[in-house]
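Undergrad: Residue numbers for the sequence shown follow the numbering used here, beginning at 1 and rising by one.
A virtual CB, placed ideally from N, CA and C, is assigned to each residue, including glycine.
Just so it is clear, the structure is predicted and the values come from calculations on it, not from any experiment.
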Amino acid sequence: MAARAIGLDVGTHAVRAVELAFGKGRPVLQRVGQVALPPGAVIAGEVVDPPAVADALRRLWREVGFSSKAPIVGVANQRVVARLAEVPNMPEEELRSSLRFQVQDLIPIPMDDAILDFQIVEEVTGPEGQDQLRILLVAAHKDMVRSLLAALDGAGLSAARIDLIPFALVRALHDDLADLGEEPPQPGARGADAIIGIGAGVTNVVVHDRGLPRFVRSLSTGGNAITDAIATDQGIEPDEAEDLKRRTTDGGSSGDEAVARAERSIPAALRPILEEIRGSLDFHLSQSEAERLGRVLLTGGSSRLPGLADRLSGLLGVPVVHADALSLVELGETGLDDEVLDRSAEVLAVPIGLALSGEPIGRGERRITLLPPEIAAVRAERRQLTYVGAGVAALAALLLAVYLLRQGQVSDAEAAADAEEARTVELQQEIASLQDIAALEVEIADRRAGVTAALAGDVAWTRLLQEVATVLPNDVWLISFQGAAAADPVTGAAGTVSVSAMGFDQTSTARWLLRVSELRSISGLWVPSSTKSPATSGQELVTFSSSASLTKAAESDRLARYLDDDQ
């Protein structure tokens, strides 16, 4: 029986999945399905309402009839990082155990909050001649992944792997040459390929070298920005604006003033998206080892907006073409006609790419996953228990056969005595184990109480600094940052912070107040002093101090995670 895999894309407006069957030839597309999501269930690539997503997933599995409840799921948002990194050459197991210490300066996520994985790309020589490994490193926030897993669990599904959507795009499209009438290029002959997947809430930009990702960035913008612009321009609801936007991609503006007006709203709304894409690619191309771009492949639900490809090609100075993930698979009995599938090609690239990662691989090989380690460990333990159970069952069957063969040779009294003796031994062992468990429960309770007392009111200082850095105005820089946790966090604020900072003028101070006061972790922000002082260059600068109280949102989740892990 051919191996199968299911790729699941949890998008902003819908959940969609495909099932591929793998054999000797090209993968065969066996099943395709999509179910709409309510507004706000998924925002900027993150599951915000797990129950709503779970409802949609249950309906999707019920209507399509996928052969498995273990899909490969994709993620892409601002809290997922993928990059190439170089680390000292060491055995893979040693690298895995020390990875957090090797890459903590490369990942903008606190190590305690991060799920990490990697894949060794090649051995390289460092700047001082030392042996190093170049790895493809991925990291994601635990709470973002857990929210996604909660939605799957609510639908009765279990993620086989959690992959990155940019990797899925590369997997689905990097061999997409037939539709362009091209021959596969020689290495370096055409330049690197960039793939841009424009979804509703997230735009993924990935540059790859013959299938190996060299640059990945997820932008928190997409087709929703166009929808919002149309809704604002025409004073209509977002649902109506979304319908008008989709009709513009069909070329159906003739005779319909609303659609024509929507088309006129698109160029201005596209400009920020295109600039962010160009800025991301310019940043990549500025790196010393970056290869020039040869072409850009467009995909995603918003990739066929009028003028998008031409404007992007003009900005980047390279050909921009629409990709077709369906060209790399055989179409099986999906129940959908070819015309419907062709219209859906842009939104199927991600689930197809995810499903392709389920193709069987060689012994000893592995693929990157962001599945939390504790879940992977539980699954491995379950597999071992299954194997042990099968062995025990086989042994029991053998013993039963021996027993039946000899049953006529022993008396009923001896059999009863043996059974009673075995039961007595079993009961004694159970009594001893229960005593150990009772003592262990008392010890665990004491430790929980100690940890609870120690971590009460613990402030997540690293996260707080990252939040401040995120909203810090460009014309303000910090001189000092002092914080103190509250002596009694139960009755009052979580603590206080005091900051000294500099800016160009008094508006810098105002922007500081406006932006930082929006943080849920901070309350009562004020500026007790602000003075002008000449800089070394002669320009006047403003020096000010600021203080605030910390709210409960500034407290860390170390105690909660400890208690969760202790369950």
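My understanding is that A191 touches R292, with C-beta atoms under 8 Å, so please give their C-beta distance in whole angstroms.
TA: Note that residue 191 is Gly in the sequence shown here, rather than Ala. Contact holds; Cβ gap of about 4 Å.
Undergrad: Go ahead and label D436 buried or exposed: buried means 16 or more other beta carbons lie within 10 angstroms of its beta carbon, across all protein chains shown.
TA: That one is exposed.
Undergrad: Pull up the distance between the alpha-carbon of L513 and that of P267, whole angstroms please.
TA: Taking the straight line from one Cα to the other gives about 34 Å.
Undergrad: Using 10 angstroms around the beta-carbon of G156, count the other beta-carbons present and answer buried if the total reaches 16, otherwise exposed.
TA: Burial call: exposed.
Undergrad: Have a look at L472 and D337 and give me their C-alpha separation to the nearest angstrom.
TA: Taking the straight line from one Cα to the other gives about 52 Å.
Undergrad: Between the Cα of G223 and the Cα atoms of A510, D9, D488, I43, which residue gives the shortest distance?
TA: For the residues A510, D9, D488, I43, the minimum Cα distance to G223 belongs to I43.
Undergrad: Is the closest heavy atom of the ligand HEM to the C-beta of G307 under 7 Å?
TA: Of ligands this structure carries none, so the ligand HEM is not represented either.
Undergrad: Hey, out of L315, A140, P38, I479, whose CA is closest to G279's CA?
TA: Nearest C-alpha to G279: L315.
Undergrad: Straight-line CA distance for L173 to T299?
TA: Cα to Cα, the separation comes out at about 9 Å.
Undergrad: Going by the DSSP bridge assignment, what does H208 pair with across the sheet?
TA: H208 pairs with D193, P213.
Undergrad: At what residue ranges does the segment 242-316 contain a whole run of the beta strand (DSSP E), taking only runs of 3 or more?
TA: Qualifying beta strand (DSSP E) stretches, in chain order: 293-299.
Undergrad: Does DSSP put G450 in a helix, a strand or coil?
TA: If DSSP states are grouped into helix, strand and coil, G450 belongs with the helices.
Undergrad: Taking DSSP as the reference, what is the three-state secondary structure of L57?
TA: L57: helix per DSSP, three-state reduction.
Undergrad: Taking only runs of the alpha helix (DSSP H) that begin and end inside the segment 45-102, which ones reach a length of at least 4 residues, in chain order?
TA: Runs found: 50-64.
Undergrad: T543 lies in the alpha helix (DSSP H); which residues open and close that run?
TA: That residue, T543, is in no alpha helix (DSSP H); its beta strand (DSSP E) goes 540-550.
Undergrad: State the start and end residues of the unbroken beta strand (DSSP E) segment that holds G33.
TA: It spans 28-36 - the beta strand (DSSP E) in which G33 sits, taken as one unbroken run.
Undergrad: Rank G40, H322, A493 by C-alpha distance to the C-alpha of V347 and give the top, closest one.
TA: Looking at the Cα atoms, H322 is the closest of the given residues.
Undergrad: Considering just the uninterrupted stretch of the alpha helix (DSSP H) at M144, what are its terminal residues?
TA: Here the alpha helix (DSSP H) through M144 covers 142-154.
Undergrad: Would you check if the distance between the CB atom of S265 and the CB atom of I230 is smaller than 8 Å?
TA: Yes.
Undergrad: Return the first residue and the last residue of the alpha helix (DSSP H) that F167 is part of.
TA: Note, F167: alpha helix (DSSP H), 165-173.
Undergrad: Ends of the beta strand (DSSP E) at L8?
TA: Unbroken beta strand (DSSP E) run through L8: 3-10.
Undergrad: Near P213, what residues of its chain come up, given a Cβ to Cβ distance below 7 Å and the 5 sequence neighbours on each side ignored?
TA: These residues qualify, in order along the chain: A82, L136, P166, F167, V170, V206.
Undergrad: In angstroms, rounded to a whole number, what distance separates the CA positions of S517 and L525?
TA: When rounded, the distance between both Cα atoms is 6 Å.
Undergrad: What does DSSP give as the partner residue(s) for F481 in the beta ladder?
TA: In DSSP, F481 forms a bridge with V499.
Undergrad: Using 8 Å as the Cβ pair cut-off and three pairs as the minimum, do the segment 100-115 and the segment 65-74 touch?
TA: These segments do not touch.
Undergrad: Can you name the start and end residues of the alpha helix (DSSP H) that L328 belongs to?
TA: Unbroken run through L328: none, as it is neither H nor E.
Undergrad: Which of the three DSSP states, helix, strand or coil, is assigned to D117?
TA: Strand.
Undergrad: In whole angstroms, what separates the C-alpha of P27 from that of R96?
TA: Going by the C-alpha atoms only, they are around 32 Å apart.
Undergrad: S556: which of W461, S523, E123 sits nearest, CA to CA?
TA: The shortest Cα separation from S556 among W461, S523, E123 belongs to W461.
Undergrad: With the cut-off set at 8 Å, would you say S158 and V47 are in Cβ contact?
TA: Their beta carbons are not under 8 Å apart, which means S158 does not touch V47 by this criterion.
Undergrad: Go ahead and pull the three-state DSSP assignment for I352.
TA: I352: helix per DSSP, three-state reduction.
Undergrad: Using only alpha-carbon positions, find the residue among D209, R343, R62, F215 that is nearest to L247.
TA: Sequence inspection shows Arg at residue 247; the Leu mentioned does not correspond to that position. Minimum Cα distance to R247 is reached at R343.
Undergrad: Buried or exposed, going by whether 16 or more other CB atoms sit within 10 Å of the CB of A560?
TA: Exposed: under 16 other Cβ atoms inside 10 Å.
Undergrad: In the DSSP output, which residue or residues are listed as bridge partners for I522?
TA: Answer by DSSP bridge pairing, in chain order: L550.
Undergrad: Report the rounded CA-to-CA distance for I361 versus E420, giving the unit in angstroms.
TA: The straight-line gap from Cα to Cα measures roughly 51 Å.
Undergrad: Using a Cβ-Cβ cut-off of 8 Å (strictly less than) and excluding sequence neighbours within five positions of D176, which residues of its own chain qualify?
TA: Interpretation of D176 is limited by its pLDDT of 46, a score under 50 that renders its predicted location unreliable; no figure is taken from the coordinates.
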